[in-house]
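Enquirer: Protein chains in written order, with this note's numbering: chain U, 6 to 652; chain H, 6 to 652; chain X, 6 to 652. Glycine included, C-beta positions come from ideal geometry on N, C-alpha and C. Nothing here was measured: the structure is a model prediction, and the numbers come from that model. Below you'll find the structure I mean.
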């Protein structure tokens with residue numbers, strides 16, 4: 006449980022560096038990330054390296070006792086590299102090259118660029134790989150940011166064809182898998198195949214699905230090449246990448262497998278403004294962030310890092326990039342930091358040390374103001390550092406009793422064919438997660454191919470491609486399993502299964518989806534459970550089943566059926582219904598749930614339970630009477646934290 | 006009165022075909038449409054034809070007694086053809102080629118593609134033209150779908166210049182017609198002229214109008230070439246095309262003149278979701294479709310087919326392509342089928358036999374589920390087949406007493422210069438049609454150059470270009486004529502007439518439009534008729550006239566004037582006002598109107614009157630007391646149909 | 006105080022010209038603008054001039070005693086010129102050339118086009134420069150209309166590099182100024198620099214700012230070249246340009262410095278529909294226009310013309326180009342004309358003499374209908390002409406006591422980095438102006454580098470780049486100075502100042518902006534002034550200050566602070582708060598304010614005060630009892646005008 010900070014020495018006069026380092030150490034910061042956008046400074050001209058500044062920066066930081074996370078600078082190829090090799094540029098879905106002038110202007114499929122990356126990473130690794138202060142490497146920065154995972158240029162097309170040849174061996178197999186017999190889309194050879202953009206109307210969904218799989222694999226192999234180099238050149242260091250929020254274009258589990266630690270960049274207010282929730286939520290949680298946005302990602306990236314994870318960039322004040330950029334509630338930077346530790350973070354690193362007075366992010370706050378006065382975020386970091394000393398180090402999170410199966414591929418499929426506007430696997434997973442958390446349950450995220458053993462309750466919000474193997478693991482877990490709509494509705498090729506949805510789940514739950522419909526707002530389905538009517542939304546499936554219904558639609562047809570410990574939901578439940586689903590199935594799984602005050606969340610790490618109040622009003626701390634509070638007080642102010650020992 | 010189905014044998018194992026054919030026949034289906042997207046199967050490699058599968062399919066279907074409608078596969082040129090001739094691709098308004106990967110990726114102006122089409126159609130015609138089971142040919146599929154009528158490539162530009170040279174003979178005449186003296190747009194030769202896209206601000210409206218006329222003519226000549234070939238190669242067969250709903254980019258009357266039968270693809274729920282009506286309508290008619298969407302098109306295509314028309318694709322369950330895709334109310338597939346027969350359809354053909362488990366339309370229902378179980382639509386088709394046997398065959402529709410003049414060109418003009426957002430001739434025609442139908446009137450659609458003799462009431466919702474010849478035919482009809490706003494507001498060149506609007510109508514109705522304004526929602530005009538205030542919308546004209554006003558605007562100026570049997574409306578009436586217009590003018594025409602229960606529509610065919618309830622509540626059947634019902638009961642459930650004899 | 010009209014003789018038969026001229030003169034029109042879109046008629050083929058028609062037009066108008074404003078036709082290069090030199094086309098932000106077919110399809114940076122313009126202007130100047138009837142020249146037409154100020158082609162890129170080289174001398178200086186160390190944007194030479202379009206995410210804001218400055222300078226030099234030619238060829242004539250409303254892409258003050266008279270095109274209803282205000286405003290002022298839209302621009306262009314200004318195009322009836330195009334209230338064309346004279350216009354010229362029956366603007370009203378009958382606008386112009394005779398000529402406007410500092414650059418900066426959606430310096434200036442006008446104050450607009458001496462109250466709604474020199478002039482004025490949010494928040498390079506905002510203002514007002522946030526609608530800041538709560542919007546700054554607060558935010562932090570005669574607002578005030586700010590600071594400045602009836606505005610010219618009622622209801626005229634009215638009556642009908650002598 007350490008604090009870190011992102012620092013850009015190259016953006017400041019060298020005579021400030023020593024003071025910066027000293028002040029970081031004083032504040033309680035132990036780790037500093039540097040260099041991830043500095044290629045143009047490391048190699049000012051083609052082949053001419055300038056390490057002097059970086060040597061000095063590293064020495065200055067190390068001299069203050071700071072540990073260094075060194076970023077590879079491949080998110081920002083310099084202008085001279087782009088000019089020498091314009092083919093490295095990524096190409097948008099509109100077929101146009103995406104140019105220099107901001108960042109991430111490269112294609113993952115450019116072999117030229119991969120070679121250039123290997124060159125600069127090798128040079129960095131050779132120079133700094135054994136430096137004692139360098140404790141970790143961050144590969145690139147925020148893979149995929151600004152919609153850059155999928156590129157549509159000639160390089161991508163060529164590698165896509167090779168990828169397809171490997172996957173399908175014969176073009177006949179591909180034609181079958183994609184169903185190209187439809188609309189005369191038949192290919193005679195892999196060479197005829199293009200990326201699925203610039204079509205007259207929607208492209209073949211299996212074509213799109215494979216293109217997304219391919220693009221995801223490209224990120225994996227792009228990352229792995231740097232990882233492999235650094236494992237040799239800098240042994241013993243953690244290799245990490247900083248993922249993002251609400252971003253699913255590649256399979257983060259797959260990238261995570263090549264890393265030592267998964268990290269992510271947590272901007273609760275930016276994510277709320279841009280992605281997360283209704284206008285009412287955006288007003289209610291304006292300065293705190295929605296109670297589950299950070300937690301959802303904390304748990305997701307804990308899974309991606311197989312237990313080891315960091316916040317690499319923690320929002321320290323207002324950001325610059327959302328439509329509106331409010332300031333956090335005083336105390337909230339501290340609360341977010343404790344929230345991350347409660348979910349098992351090893352390190353929380355703030356972005357950034359000092360607000361830059363220039364360039365694209367000049368309106369992004371730092372721990373220090375541009376005039377180098379410690380800002381609100383800095384004061385709160387200091388407070389956390391002091392509290393950390395009191396609390397001592399905690400062991401990692403224990404395994405939860407509840408798992409939520411999250412599939413990147415499921416989200417690609419619902420983006421490719423939402424069938425009803427707004428159906429995204431990501432948001433259904435988020436709303437399911439939220440209900441679990443409102444019930445006071447800790448959640449482990451699990452990939453479809455992850456370990457499911459030992460859980461008591463497994464939520465599968467939606468998993469379109471459901472293999473026999475996943476069903477077997479779900480069965481083997483012994484858990485109560487709750488599957489949401491569209492689960493098992495697709496084969497790996499993207500077809501409707503021969504036995505219809507939920508496909509192989511029918512082996513355990515005797516229900517068949519015989520019709521699917523999507524419904525506009527205002528025509529949302531309603532359903533009846535225990536005599537009460539609840540709202541669902543957007544989606545309704547007709548089930549052919551002899552199973553008794555837990556809940557029915559208003560017309561009497563089954564909406565929620567169960568077969569022993571297997572449950573299936575034929576709609577997208579609203580929050581109250583989702584709470585009921587959690588309550589009933591947790592009870593069946595023998596799990597106690599906690600009715601938390603609105604806006605409060607609890608989370609256990611080691612033998613400590615933390616509670617945070619995200620509501621804009623004070624709440625009673627949900628701590629047992631008599632227990633000694635290790636942090637905070639029983640009157641939990643907005644944005645405040647309490648902690649107590651649980652065993 | 007026959008039932009048909011669209012079938013894709015190439016998408017299923019051959020060992021299913023015989024069973025499919027047998028089950029179709031059992032269901033009461035007599036006609037099967039096949040092959041319209043199968044070019045890549047007919048000609049897997051350039052010049053190498055493979056007819057074996059199609060021979061077998063035809064034989065199998067014929068052996069079950071089914072009649073075959075054979076589609077020419079030109080809506081989907083194969084990949085090899087696109088690769089060999091990339092110039093066949095259509096070009097979007099943005100100047101970019103629209104690529105392979107879905108369908109309709111060709112330009113109507115490509116002479117290369119026209120030759121290729123002639124080749125494949127000739128090959129098909131030679132092979133199957135005299136097959137006894139082949140009773141009809143469908144040319145291509147849904148001309149213009151996905152905004153493909155207008156293309157902007159070099160081929161179109163070259164042919165447009167030739168088209169202009171033919172139309173105008175001299176470039177000076179063109180300059181006069183377009184008014185190119187405005188903004189120095191003057192051309193020195195036809196060679197200087199480009200399509201009207203990629204301009205800095207709006208292009209010249211006469212240029213746009215001619216481009217739309219040209220594009221429409223391109224569709225006509227593209228279609229005619231295939232028709233001409235098949236008339237030779239397959240004499241005696243009906244030649245048809247399947248038109249779409251709410252689609253006006255080319256003149257369907259003109260294409261229809263080369264066909265034996267006009268057919269269209271009727272998706273009431275998809276059209277409601279995507280195109281037809283307010284949010285309130287979309288909720289109220291969610292599962293039934295708006296009561297007039299199908300009828301409007303049935304009557305329009307009956308006109309395009311000069312009395313002979315089919316539904317080629319009837320929605321059988323949820324579709325895949327709308328923003329939201331609800332399921333029809335049980336019974337609704339039957340009701341739509343009867344509605345089409347009531348409007349005079351010879352054939353109603355369902356799309357499609359069985360839901361495909363793959364590709365772009367995998368979420369589109371069929372008569373059968375993907376697992377080959379008869380679905381709800383299939384059950385309803387079976388019921389119609391049985392009812393048809395009871396009812397016996399009916400003669401075609403009789404001529405109506407009411408005509409509605411519909412002009413594709415008028416719609417182009419209002420798209421080019423709406424002047425107020427939302428003014429579309431199409432929707433004004435639809436709302437006028439709807440009022441006639443609410444009054445229980447059967448309607449014939451008539452093209453501006455169509456036969457107007459014998460009607461008692463002719464509605465001209467808007468006809469911007471009003472020629473002396475049309476006025477003469479309106480006059481000659483002896484009918485009460487009701488002209489809506491903007492009628493006669495343009496010359497054939499697209500100019501304001503020298504005597505202002507309504508141009509030549511002033512010979513019969515002494516009123517002149519001296520000012521025009523469009524008004525945002527909330528500032529809609531109100532008008533007073535018989536002491537009552539009614540809503541109009543969007544549009545208001547100031548009339549200079551000595552005629553007495555039937556209705557006035559709130560400021561006392563004339564809103565509805567009449568000169569004997571000639572009426573002119575200076576605004577876009579709201580529904581209640583439109584009902585009043587219909588009531589008054591029908592009375593003047595000596596027509597009795599029927600106050601139908603909300604959501605119910607009636608329509609006569611031969612000597613039978615049908616009534617359908619589109620409302621979500623039950624309604625009393627509008628049948629005379631004592632009359633014997635041939636179908637249904639007097640309590641008309643939602644989605645139910647009744648029929649009785651009227652003479 | 007003269008009336009003019011825009012006339013297109015080339016669009017009408019020559020046999021109408023003499024009658025047109027005679028009728029203009031009869032109506033009281035003295036000035037006629039012609040020829041500004043007629044290049045293709047002056048030079049029908051490359052190098053072949055045809056002056057005959059223009060000679061005749063000029064002679065015909067002159068013979069009727071009309072004075073001629075001759076337009077250079079460079080807004081509409083002919084087709085042959087575009088075909089010969091396609092490089093003259095402008096290039097959109099999307100990288101695509103913007104083609105022929107409408108107007109303004111040229112790049113200001115094309116040296117080819119600049120040479121062609123010099124050629125045609127020289128030819129015109131040589132032929133007509135000494136014609137006695139030619140009293141003025143209009144350069145081009147509406148620079149920048151249809152977003153054409155910024156172009157992104159190779160010509161612009163090359164000239165931008167030269168502009169940068171001049172500004173920065175060394176690329177190192179540029180790298181510092183732009184902060185290119187951020188995200189490895191460092192340039193090694195000016196040759197590497199591109200326009201800031203087509204980037205993956207937002208481009209560097211200093212890069213964007215310089216590109217906007219460059220583009221503005223391009224307009225200045227483009228205009229100047231024509232001005233310089235005409236000063237030689239046509240000495241003694243006024244040289245003018247017609248600017249637009251709510252358009253800020255170039256610095257109009259800078260262009261104005263090369264002109265004799267600033268003119269603008271005033272379309273109050275079009276501007277209201279397209280740009281100006283809430284839906285409620287758009288309904289309330291539907292037929293009158295918002296009370297401050299015209300006045301704001303009148304005062305702005307009076308400043309751009311250093312006192313001399315005209316309305317070159319006055320809306321005469323419904324226009325064609327807004328989303329909805331209502332007709333003006335009867336009387337409103339007269340009221341707008343008087344409003345312009347009240348604000349000091351020398352000339353009000355109507356657009357256009359007669360509505361054209363063809364081409365893009367065929368739905369745009371004129372003084373005459375297309376059938377050559379005088380229209381409502383014509384009747385009102387006639388009335389003004391008669392009233393002008395009664396009233397006699399008035400001296401120009403006197404210097405106001407209130408100045409509003411308006412900065413084009415500030416608006417570029419808030420467009421580049423709004424930070425919160427909707428923050429535009431333009432609209433903050435407009436709302437500030439509106440409050441001053443509601444208080445009955447006449448306003449002078451002043452450029453940041455303008456003369457500030459002698460004002461009692463200077464409003465600086467926002468001036469992001471605040472130089473020491475501007476602060477010195479504000480200080481030297483002795484005025485009460487009111488600075489709005491973001492003032493002084495940027496250095497000329499676009500950086501945050503080293504001492505933070507409001508930068509150099511801190512020398513006079515001891516407050517520092519230590520945090521900035523933007524807030525979505527619904528989370529708008531509220532503040533308390535004299536115990537009352539007021540709404541602000543969108544923006545909030547945290548001030549570090551020991552100054553007492555005039556108003557505080559609801560949490561007690563300072564929202565409005567003052568230090569003697571210097572004021573600073575830390576938010577965007579709502580209208581009621583803006584009224585309070587005006588009331589308090591006007592009182593401090595010793596200015597009396599007038600509580601005007603809602604919708605009424607007053608404005609003094611010479612010794613006459615005019616009042617106009619923009620409300621849709623009648624209002625009492627705000628004239629002192631007993632004073633003699635020179636125009637109008639004491640019951641001020643909607644759209645009516647009164648005037649009386651004030652000294």
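(1) Residues of chain U with CB closer than 8 Å to the CB of residue 153 (chain H), please, in chain order.
(2) Thinking C-alpha only, which one of X:346, X:567, X:533 is nearest residue 615 (chain X)?
(3) Any idea what DSSP makes of residue 539 (chain X), helix, strand or coil?
(4) What does a CB cutoff of less than 7 Å around residue 104 (chain H) pick up in its chain, not counting 5 residues either side in sequence?
(5) According to a CB-to-CB cut-off of less than 9 Å, which residues of the stretch 8-29 of chain H neighbour chain U?
(6) Using the Cα positions of residue 432 (chain H) and residue 87 (chain U), report the straight-line distance between them to the nearest angstrom.
(7) DSSP three-state call for residue 345 (chain X): helix, strand or coil?
(8) Under 8 Å Cβ-Cβ, which residues of chain H neighbour residue 85 (chain X)?
(9) In terms of DSSP beta bridges, what is residue 449 (chain H) paired with?
(10) To be precise: take each residue of the stretch 95-106 of chain U, compare its Cβ to all Cβ atoms of chain X, and keep it if any distance is under 8 Å. Which residues remain?
(11) Quick test of your reading: residue 161 (chain U) and residue 200 (chain U), contact by CB under 8 Å. State the CB separation rounded to the nearest angstrom.
(12) How big is the Cα-Cα spacing for residue 148 (chain U) and residue 617 (chain H)?
(13) Among U:244, U:239, U:217, U:38, which one has its Cα closest to the Cα of residue 228 (chain U)?
(14) If we require 4 or more residues per run, which alpha helix (DSSP H) segments fall completely within the stretch 281-366 of chain X?
(15) Let's see if you can read the secondary structure: which residues bound the alpha helix (DSSP H) around residue 230 (chain X)?
(16) Taking the alpha carbon of residue 54 (chain U) as the point to measure from, which residue in U:117, U:128, U:27, U:78 has its own alpha carbon closest?
(17) Do residue 108 (chain X) and residue 65 (chain X) have their C-beta atoms closer together than 8 Å?
(18) Can a CB atom of chain X be found closer than 8 Å to the CB of residue 71 (chain U)?
Expert: In brief:
(1) Your numbering for residue 153 (chain H) matches position 148 in the second chain. By Cβ distance, chain U contributes 205.
(2) Looking up residue 615 (chain X) in the third chain gives position 610. Measuring from the Cα of residue 615 (chain X), the nearest candidate turns out to be X:346.
(3) Here residue 539 (chain X) corresponds to residue number 534 of the third chain, with the count starting at 1. Reduced to three states, the DSSP call for residue 539 (chain X) is strand.
(4) Along the second chain, one-based indexing puts residue 104 (chain H) at 99. When the five nearest sequence neighbours on each side are left out, the beta carbons in the same chain lying within less than 7 Å of the beta carbon of residue 104 (chain H) are those of 94, 110, in order along the chain.
(5) Here the close residues are 13, 15, 16.
(6) The residue labelled residue 432 (chain H) in the question sits at position 427 within the second chain. The residue labelled residue 87 (chain U) in the question sits at position 82 within the first chain. Rounded to the nearest angstrom, the two C-alpha atoms are 52 Å apart.
(7) The residue you call residue 345 (chain X) lines up with position 340 of the third chain. In this structure, residue 345 (chain X) counts as helix in the three-state DSSP scheme.
(8) Translated into the one-based positions of the third chain, residue 85 (chain X) becomes position 80. 193, 197, listed in chain order.
(9) By one-based count along the second chain, residue 449 (chain H) stands at place 444. Residue pairing for residue 449 (chain H): DSSP places it in a beta bridge opposite H:408.
(10) Close to chain X, meaning a Cβ-Cβ distance shorter than 8 Å, are the following residues of the stretch 95-106 of chain U: 95, 101, 102, 103, 104, 105, 106.
(11) Translated into the one-based positions of the first chain, residue 161 (chain U) becomes position 156. Translated into the one-based positions of the first chain, residue 200 (chain U) becomes position 195. Contact flag correct, Cβ pair sits at about 6 Å.
(12) Here residue 148 (chain U) is taken as the residue at index 143 of the first chain, counted from 1. Here residue 617 (chain H) is taken as the residue at index 612 of the second chain, counted from 1. Residue 148 (chain U) and residue 617 (chain H) have their C-alpha atoms spaced approximately 57 Å apart.
(13) Counted from its first residue, the first chain places residue 228 (chain U) at position 223. Comparing Cα-Cα distances from residue 228 (chain U) to each of U:244, U:239, U:217, U:38, the minimum goes to U:244.
(14) 284-289, 298-309, 337-347, all fully within the stretch 281-366 of chain X.
(15) Indexing the third chain from 1 puts residue 230 (chain X) at position 225. 210-238 is the span of the alpha helix (DSSP H), which, as asked, contains residue 230 (chain X).
(16) Mapped onto the first chain, residue 54 (chain U) falls at position 49. The alpha carbon of residue 54 (chain U) has as its nearest neighbour, out of U:117, U:128, U:27, U:78, the alpha carbon of U:128.
(17) Within the third chain, the letter at position 103 stands for residue 108 (chain X). Within the third chain, the letter at position 60 stands for residue 65 (chain X). Residue 108 (chain X) is not a Cβ neighbour of residue 65 (chain X), given a cutoff of 8 Å.
(18) The count along the first chain starts at 1 and reaches residue 71 (chain U) at position 66. Using beta-carbon distances, residue 71 (chain U) does not count as an interface residue toward chain X, since no partner is under 8 Å.
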